[in-house]
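Engineer: Residue numbers (the numbering used here), protein chains in the order written: chain E, 108 to 519; chain X, 180 to 523.
Handing you a structure now.
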Amino acid sequence: MWKFIAKRVGQMIVLFYIFLALLFVLLDLQPGDISQQFVGNPDIPPEAKQLMIDQLGLDEPKHIQLFNHLKNYSTFNMGASWSQYPRDVSDILFSALPRTIYLFLTATILAYILGFWTGKIVAWKRNTATEKAVMGTSIFLWTVFYPWFAILMLWFFAAYLDWFPVGKFVTLNFESRPDLVNSISDVLFRTSGSEAASGWTSSAAPGANDVFMLLFTSLIVGTIAFFGIRWIVKRQVKDPTTQARLFTGGTVLVFGGFVLYWITNEYGPWAFDIFWHSVIPVMTLTLVSYAGTTLLTRTSMIETLKEDYILTARAKGVPDVTIRDRHSARNAMLPVTTSLVLALATVIGGGIITEQIFSWPGIGQTYLAALSSEDIPLTMGALALIGILALIAHLVADILYAYLDPRIRVQG
Amino acid sequence: MTQVVEIESRGGRAGTTLLEVDHVVMNYTTKEGDVSAVEDVTFDLKNGESLGLVGESGCGKTSMALSLLRLLPDNGEIRQGRILLDGEDLVELSEEAMRQRRWRDVSMVFQGAMNSWNPVYTVGDQIREALRLHWPTTLTYTEETERIAALFEMVGLNSAMIERYPHEFSGGMRQRAVIAMALSCNPKLIIADEPTTALDVIVQDQILKELKEVQAELGMSIIYISHDIAVIAEVTDRIGVMYAGKLVELGDTLEVFHRPRHPYAYLLLGSTPSITGPRRKLSPLEGEPPNLLDPPKGCRFHPRCPFASDRCKSEEPPMTDIGGGHEVACFHWEEVPEIRELSK
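Here is the structure:
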């Protein structure tokens, strides 16, 4: 297993460098490149131009430039952003990344759990009114024009019902808590702070990222703890009753710990505010990808239900629910997992529409802003990051697959 | 502890009746109409006995087997008849009661040595599942493992294989493991549906020997289902020949094999080469089995039968005992010659 992962990681690194080189070549071939934007600009005095050429190494031959590019990226040195000079590209990206991951990971995991559950039940109850209703809804959600649907959701839940805030990331004023103020980031408010109504101003900004990072980290730790406990228990404890007890105990422990932590934490209200802002975007994303998961799970389930081992299980006198969950759904999970992880890879890069509509300051928005302001280092950085995320998603898919399907595990 | 490991049959004293299939009619409902897959089949089975069901593909052998366990697909239905296991009618049982009988009283050895195992669980765990469902007392994990190891040993598998996944087994090993699983809950009856079909001849022979030895040792009843009459003749006490959903001949294996009385059985045997018997010309069985959506009137075999008369076209021949428990459903059974006479 470890050999398998090591091999995959090795392949990933090679692929990543090829991807970086390709990015460099592509951007170099584009019109409107670095030399035209600054060096060719008649308003810039020649000394400044020369300085720039020297600093950026533009007088070097192309292959040296490419080598420098790869070398810099190896040490996470992505240069300074032009539109937000002198902030480092890596700094901008790494403050936007958790927000994107939070949004899409939450939505995807929710959609997967709910969609898988619905899909398997629908496949089991074929030709019933339930199936028809679920199928109709799913096909609608799957084919709906996404931006329109997102705006509809915003209108309904934020404007019409007025349950949740319209877009943005956080509303509570951090000024009331000067001890939270620090100077980590103002990127957040470049995209979300222009509206005065929320009480946000650039100077009140700091701290939001701190709170968010804490929320994000605690969520990740909680999730890992939850699945980690299940995994260890499944490995170590063979007796089914003890297993079930430990599962429940573990769940209560993790969930209780999480809630307790945030109730007692002084950042609690801010964390809740951020969470409150994420409800509509998460809900919209979840609904759309939930539909896809449901449809795929249903098809996959119907296939596995025809397998011989299902007949074996029935002959064994296995109760229907166990056949559905343990025998059929477990096998139907394989194609669904692939689609899920690959969807995750594309959704992180393709989250531009979502982040734009919900004013969610993540990678998608950063990328779009960088593109429109011809901020080449930031564009490059964003693209490289999206590439890394896609590669990681594939690695996760491979590992999950090996975990789910013993036939893959052995080949190593 | 020894009780857990003890592999036995819970069937009654040898020679007493275990299973009675009484005029069973089974239909599949399709868009084109009803398919009569099993039509008025009657036979019985004694404790410790082995019975073979043979016939071409689509003649209702597997439908018959699935009816015994009520494992029919949603569109399959037992319309008439009784299936008595130890005097209890399985057709009348509730779904839950039937579920509890499955594997505990009647287990199956499926033909799909390749596909009858769920690929994502170890073989041991899949046998364990049967034990957890049907063993009368709750066993500890160690006791379960002990029993599975004993089962593996019985069918000639290394007990180290318990923790392995199905894809790590060869075809023959998988089939042995299937037998081990079938024995796991000490059943009264095992239904072996094409147990050796996907295997090469050598493994096929080993598996059949294994089953025969297991039966000799434990004394449960076995129903073998196969399209290959030669395979079945080796291991069974009696043979039933099925054609187009009907049982057309039933009798002692040697008698049916060497002196078939139904024209279909006669032609089926005539189309199989014999290694030990005298050299003879093979006579292929012409035509195809009828469409069961609309089976022929009268005897279902009459369109392909060389002995058919006008009576066969209108009247259905009943099963008649021709002596010694040998039953044939044919008006012209006396005209059917000995197989030897086929040779020129």
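Where is the CB? At the ideal position from N, CA and C, for every residue including glycine.
For clarity, every value in this text was computed on a predicted model and none was experimentally measured.
Enumerate in chain order the residues of its own chain whose CB-to-CB distance from X:Glu389 is below 7 Å, with the five nearest sequence positions on each side excluded.
Structural biologist: The residue given as residue 389 of chain X occupies position 210 in the second sequence. Counting only Cβ-Cβ distances below 7 Å, and skipping sequence neighbours, we find Val334, Gly335, Arg355, Ile358.
Engineer: Taking E:Ala439 as the reference, give the member of E:Met408, E:Val428, E:Gly469, E:Phe174 with the closest Cα.
Structural biologist: For the purposes of this step, residue 439 of chain E is taken as the residue at position 332 of the first sequence. It is E:Met408 whose Cα lies nearest to the Cα of E:Ala439.
Engineer: Closest by CA to E:Leu402, which one among E:Val196, E:Lys239, E:Arg115, E:Gly375?
Structural biologist: Numbered from 1 along the first sequence, position 295 holds the residue referred to as residue 402 of chain E. Selected option, being the one with the closest Cα: E:Lys239.
Engineer: Using a Cβ-Cβ cut-off of less than 9 Å, list which residues of the stretch 399-426 of chain E approach chain X; keep chain order.
Structural biologist: Per Cβ criterion, the list reads Glu414, Asp415, Tyr416, Ile417, Leu418, Thr419, Ala420, Arg421, Ala422, Lys423, Gly424, Val425, Pro426.
Engineer: Rounded to whole angstroms, how far is the Cβ of E:Leu200 from the Cβ of E:Leu496, which I believe are closer than 8 Å?
Structural biologist: Mapped onto the first sequence, residue 200 of chain E falls at position 93. Mapped onto the first sequence, residue 496 of chain E falls at position 389. With 8 Å as the limit, E:Leu200 and E:Leu496 do not qualify as a contact, their Cβ atoms being about 11 Å apart.
Engineer: Could you compute how far the alpha carbon of E:Trp270 sits from the alpha carbon of E:Trp224?
Structural biologist: The count along the first sequence starts at 1 and reaches residue 270 of chain E at position 163. The count along the first sequence starts at 1 and reaches residue 224 of chain E at position 117. In a straight line, the C-alpha of E:Trp270 is about 27 Å away from that of E:Trp224.
Engineer: Tell me which same chain residues have a C-beta within less than 7 Å of the C-beta of E:Ala436, skipping the five on either side of it?
Structural biologist: The residue you call residue 436 of chain E lines up with position 329 of the first sequence. Answer for E:Ala436: Lys227, Met408, listed in chain order.
Engineer: Using a beta-carbon distance cut-off of less than 7 Å, what residues from the stretch 311-331 of chain X approach chain E?
Structural biologist: So the list reads Leu312, His313, Tyr320, given in the order they occur along the chain.
Engineer: Measure the C-alpha to C-alpha separation of X:Ser391 and X:Val414 and round it to an integer number of angstroms.
Structural biologist: Translated into the one-based positions of the second sequence, residue 391 of chain X becomes position 212. Translated into the one-based positions of the second sequence, residue 414 of chain X becomes position 235. Strictly speaking, residue 391 of chain X in this sequence is Lys, with Ser absent from that position. Roughly 7 Å between the two C-alpha positions.
Engineer: Could you name the residues of chain E that X:Ala309 contacts, counting a contact when the two beta carbons are closer than 7 Å?
Structural biologist: On the second sequence, residue 309 of chain X is found 130 positions in, with the first residue counted as 1. Going along chain E in sequence order, the residues near X:Ala309 (Cβ under 7 Å) are Lys423.
Engineer: Closer than 9 Å by beta-carbon distance: list the chain X residues that pair up with E:Asp512, in chain order.
Structural biologist: Position 405 of the first sequence, counted from the first residue, corresponds to residue 512 of chain E. Result: Pro298, Val299.
Engineer: Is the distance from the Cβ of X:Ile341 to the Cβ of X:Val302 below 8 Å?
Structural biologist: In the second sequence, the residue the question calls residue 341 of chain X occupies position 162. In the second sequence, the residue the question calls residue 302 of chain X occupies position 123. Yes. Within cutoff.
Engineer: What are the start and end residues of the beta strand (DSSP E) that includes X:Tyr207?
Structural biologist: The residue given as residue 207 of chain X occupies position 28 in the second sequence. Its beta strand (DSSP E) spans residues 196-209.
Engineer: With a threshold of 7 Å (Cβ to nearest heavy atom), would X:Gly503 be considered close to the ligand COA?
Structural biologist: For the structure depicted, the ligand COA is absent and the ligand set is empty, with no information on it obtainable.
Engineer: Please confirm whether E:Trp338 has its beta-carbon closer than 8 Å to some beta-carbon of chain X.
Structural biologist: Along the first sequence, one-based indexing puts residue 338 of chain E at 231. By this cut-off, E:Trp338 is not an interface position.
Engineer: Quick one: list the residues of chain E neighbouring X:Asn294, beta-carbon separation under 7 Å, in chain order.
Structural biologist: Translated into the one-based positions of the second sequence, residue 294 of chain X becomes position 115. Ordered by position in chain E, the residues that pass the 7 Å Cβ test against X:Asn294 are Glu414, Asp415, Tyr416.
Engineer: If you draw a straight line from the alpha carbon of X:Phe382 to that of X:Pro374, how long is it in whole angstroms?
Structural biologist: Numbered from 1 along the second sequence, position 203 holds the residue referred to as residue 382 of chain X. Numbered from 1 along the second sequence, position 195 holds the residue referred to as residue 374 of chain X. At residue 382 of chain X the sequence reads Val, which differs from the Phe that was named. If you take the alpha carbons of X:Val382 and X:Pro374, they lie about 11 Å apart.
Engineer: Three-state secondary structure (DSSP) at X:Gln259?
Structural biologist: Within the second sequence, the letter at position 80 stands for residue 259 of chain X. Strand.
Engineer: Any Cβ of chain E within less than 8 Å of the Cβ of X:Phe222?
Structural biologist: To locate residue 222 of chain X, count along the second sequence from 1; it is residue 43. No, its Cβ sits nowhere closer than 8 Å to a Cβ of chain E.
Engineer: On a CA-only basis, which of X:Ser493, X:Glu494, X:Trp512 is nearest X:Gly502? Give me that one, please.
Structural biologist: Stepping through the second sequence from its first residue, residue 502 of chain X is reached at position 323. Cα-wise, what sits closest to X:Gly502 is X:Trp512.
Engineer: So does the stretch 379-388 of chain E actually touch the stretch 418-438 of chain E, counting three or more Cβ pairs closer than 8 Å?
Structural biologist: With a cut-off of 8 Å, the stretch 418-438 of chain E and the stretch 379-388 of chain E do not count as touching, because too few Cβ pairs lie within range.
Engineer: Which residue's Cα is closest to the Cα of X:Glu494: X:Ala412, X:Pro485, X:His505, X:His481?
Structural biologist: Working through the second sequence from its first residue, we reach residue 494 of chain X at position 315. Of the candidates X:Ala412, X:Pro485, X:His505, X:His481, the one whose C-alpha sits nearest the C-alpha of X:Glu494 is X:His481.
Engineer: Have a look at the DSSP bridge pairing and note the partners of X:Lys425.
Structural biologist: If you number the second sequence from 1, residue 425 of chain X lands on position 246. Bridge partners of X:Lys425: X:Tyr422.
Engineer: Roughly how many angstroms lie between the CA atoms of E:Gly375 and E:Asp198, to the nearest whole one?
Structural biologist: For this step, residue 375 of chain E is matched to residue 268 along the first sequence. For this step, residue 198 of chain E is matched to residue 91 along the first sequence. Taking the straight line joining both Cα atoms gives about 26 Å.
Engineer: Based on the DSSP secondary-structure assignment, which residues constitute the bridge partners of X:Tyr403?
Structural biologist: Start at 1 with the first residue of the second sequence, and residue 403 of chain X comes out as number 224. The partner list for X:Tyr403 (beta bridge, DSSP) reads X:Gly231, X:Ala371.
Engineer: Around the Cβ of E:His170, are there at least 16 other Cβ atoms within 10 angstroms (buried) or fewer (exposed)?
Structural biologist: As a working note, residue 170 of chain E is residue 63 in the first sequence. So E:His170 counts as exposed.
Engineer: On the three-state DSSP scale, how would you describe E:Val448?
Structural biologist: For the purposes of this step, residue 448 of chain E is identified with residue 341 of the first sequence, where counting begins at 1. Correct three-state label for E:Val448: helix.
Engineer: Tell me which residues of the stretch 338-355 of chain E have at least one Cβ-Cβ distance to chain X shorter than 7 Å, keeping chain order.
Structural biologist: For the stretch 338-355 of chain E, which is checked against every Cβ of chain X, the residues closer than 7 Å are Lys345, Asp346.
Engineer: Rounded C-beta distance between E:Thr445 and E:Leu511? I'm assuming under 8 Å.
Structural biologist: Walking along the first sequence from the start, residue 445 of chain E turns up at place 338. Walking along the first sequence from the start, residue 511 of chain E turns up at place 404. The pair is not a contact, with the Cβ atoms about 10 Å apart (cut-off 8 Å).
Engineer: What number of angstroms, rounded off, separates the C-alpha of X:Trp282 from the C-alpha of X:Ile370?
Structural biologist: The residue labelled residue 282 of chain X in the question sits at position 103 within the second sequence. The residue labelled residue 370 of chain X in the question sits at position 191 within the second sequence. Each residue's Cα considered, the two are about 10 Å apart.
Engineer: Within 10 angstroms of its Cβ, does E:Val361 collect 16 or more other Cβ (buried), or is it exposed?
Structural biologist: Stepping through the first sequence from its first residue, residue 361 of chain E is reached at position 254. By the 10 Å Cβ count, E:Val361 comes out buried.
Engineer: So what's X:Val285 in DSSP terms, helix, strand or just coil?
Structural biologist: Within the second sequence, the letter at position 106 stands for residue 285 of chain X. DSSP places X:Val285 in strand when its eight states are reduced to three.
Engineer: So what's E:Leu221 in DSSP terms, helix, strand or just coil?
Structural biologist: Looking up residue 221 of chain E in the first sequence gives position 114. Residue state, collapsed to three classes: helix.
Engineer: Residues of chain X with CB closer than 9 Å to the CB of E:Arg431, please, in chain order.
Structural biologist: Here residue 431 of chain E corresponds to residue number 324 of the first sequence, with the count starting at 1. The contacting residues do not exist; E:Arg431 stays about 13 Å from chain X at best.
Engineer: Evaluate X:Glu267 with the Cβ neighbour count: other Cβ atoms within 10 Å of its Cβ, from every protein chain shown; 16 or more gives buried, anything less gives exposed.
Structural biologist: Locating residue 267 of chain X in the second sequence gives position 88, counting from the first residue. So X:Glu267 counts as exposed.
Engineer: Residues bridged to E:Val389 by DSSP?
Structural biologist: Here residue 389 of chain E corresponds to residue number 282 of the first sequence, with the count starting at 1. Bridge partners of E:Val389: none, in fact.
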